[in-house]
Amino acid sequence: MKADALLIRNGLVIDPDSGMEGLRDVLVRGGKVAAVARDFSRSSRLPPGTVTLEARGCWVVPGLIDLHVHLREPGGEQSETIASGTRAAARGGVTTLVAMPNTRPVPDTPARLRRLRERIRRDAVVNVLPCAAVTDGQAGSRLADLEGLARAGAAAFSDDGRPVSDPRLMEEALFRAGRLGLPVLDHAEDPVLTGVGVVRESPASRRARWPGIPAESESAMALRDIALARRSGGRLHVCHVSCAQTLAVLRWAKCEGLPVTAEAAPHHFTLSLDDIPYGSSRRAADFKMKPPLGTPADRDALQAALADGTLDAIATDHAPHAPEAKACGVLRAPFGVIGLETLVPLSLELVRRKVLGRRRLIELLSAGPARVLGLRAKGSLRRGADGDVTVIDPAASFSVDGDFASASRNSPFIGRVLRGAVRATVVAGRLVYFRKDGGRPR
Ligand SMILES: [Zn+2]
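So that you can map any letter, position 29 of the sequence shown is 107 in this note's numbering, and since no number is skipped, the others follow by simple counting.
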């Protein structure tokens, strides 16, 4: 729906960036936040043609920013496309996402990145920031043209899906990306330690005879990369942290004042290896991701780290795979689960369980990731910020039944009833998603 101006009224505005929390109306005009005020709708200041969205009982927050999404296009359109993935984002309340570069081809040259941005302009319904590759073809042997990629619009650099194994290459990537003011998004994994593992190693994995992955596969690589960030002066962002060991390493880095940030994914702070259905290889495929689900102690440590600032952002690592690909059982299925459309309820659960206050939660979903990327006009409801807004109904509940906007259904949460739903998603003042059972916009 297109309108000159959109008034979101009577909601509980929570804007960690400005510190604002209270019942307010939010006016978005010309694609920007024009005003946040009390009882706006009663005043005569409303521009003619303003569309009103009633948000009573809802939270009105800066549009959510997801630092880690696999849109699969180009090359993996059977699993997801820019169109379907951004529709899933809109449904999940995400107004800006970082698209990971493990596509075919990989955006590893300025020309390829420009072609990708054309597809994004054509098909995306939310803001998509493309992440470029660190190395040619993500093959890990030669650095890509990071400077040219930055000029072509790269938001960050990553070989996500695989690590940059060669430490000299990683050091130089951090140095050059740092000079460009862009972070390297680190898929911290030691491929030798991972080996052929499919789930975290544990007594249960050994009983099931499924090859295990040790926690050190992540923590050892995160430690190496933090050390390289220190040597190079570059900015490192550790992706999808899954274990307590890595959190200890991150705490050290932050104590040292290093420019290191980190994210955690809802599946890692909600589930543990105890939730994996070891009796059914086929169902377990939807619990298979990299890094793998950790111990209950790891899960609890992630929750504490979201609260205490060791982690800077919640990111989904939305990794769609077509049903056929996941149907072949846990040993052969590809790694990854979808996450965009369950992001809000799984995150809200932390507030309900009093792990986090609601303001801290919203910070982890908006201002926190905006800082990681150095985005000044996003993650905020200050006047003049981009008109990206998410309206959340914390009391609504819905059952995850596999009816996703995503083209894939590989979610470990299918069959669960989750509380907290996205009511509306607004991108640059345009309503890109609206949940019908919450009353219609007028
Ligand atoms: Zn990754």
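Note that beta-carbon positions come from the ideal geometry of N, C-alpha and C, so glycine has one too.
Check	Outcome
Runs of beta strand (DSSP E) wholly within the stretch 154-196 (minimum 3 residues, chain order)	172-177
Beta-carbon contacts of valine 500 that lie in its chain and below 8 Å, excluding the five residues immediately before and after	Arg169, Gly170, Gly171, Val422, Thr468, Val469, Ile470, Asp471, Tyr511 and Arg513
Proximity to glycine 135 [Cα-Cα], best of Ala161, Ile291, Arg102 and Arg494	Arg102
Cβ neighbours of threonine 174 in the same chain (closer than 7 Å, five flanking residues each side left out)	Gly141, Ile143, Val204, Asn205, Leu207, Lys456 and Asp466
C-alpha gap between aspartate 46 and aspartate 186, whole angstroms	Nothing about residue 46 can be reported from this structure: the residues present for the chain run from 79 to 520 only.
Proline 535 classed as buried or exposed, judged by whether at least 16 other C-beta atoms fall within 10 angstroms	Nothing can be reported for residue 535: it is not among the residues displayed for the chain, which extend from 79 to 520.
Paired residues, beta bridge with isoleucine 492 - DSSP	In the DSSP output, where bridge partners are listed per residue, isoleucine 492 has none listed.
Contiguous beta strand (DSSP E) assignments of at least 3 residues, all confined to the stretch 89-159	98-107, 110-115, 128-132, 137-140 and 142-147
Element boundaries [alpha helix (DSSP H), containing leucine 424]	421-430
Residue interval of the alpha helix (DSSP H) (run including alanine 342)	It is not in any alpha helix (DSSP H) - alanine 342 instead sits in the beta strand (DSSP E) that spans 338-342.
Which listed residue (Ser157, Trp137 and Leu145) has its alpha carbon closest to that of alanine 233	Leu145
Residues bridged to leucine 208 [DSSP beta-bridge criterion]	Note that residue 208 corresponds to proline in the displayed sequence, not to leucine. Answer by DSSP bridge pairing, in chain order: Ala177.
Sub-7 Å separation of valine 106 and leucine 459 beta-carbons	no
Simplified DSSP assignment, three categories, for aspartate 471	strand
Separation of arginine 165 from arginine 487, as counted between CA atoms	14 Å
Distance CB(glutamine 156)-CB(valine 184) smaller than 7 Å	no
Neighbourhood of ligand 1 [Cβ distance below 7 Å to any heavy atom], ordered by chain position	Asp238, Gly239, His265, Cys317, His318, Lys368 and Asp395
Proximity test, alanine 411 beta-carbon vs ligand 2 heavy atom, cut-off 6 Å	Ligand 2 is not part of the structure shown, which contains ligand 1 as its ligands.
Contained alpha helix (DSSP H) runs [length at least 4] in the stretch 252-328, N- to C-terminal order	269-272, 281-286 and 294-310
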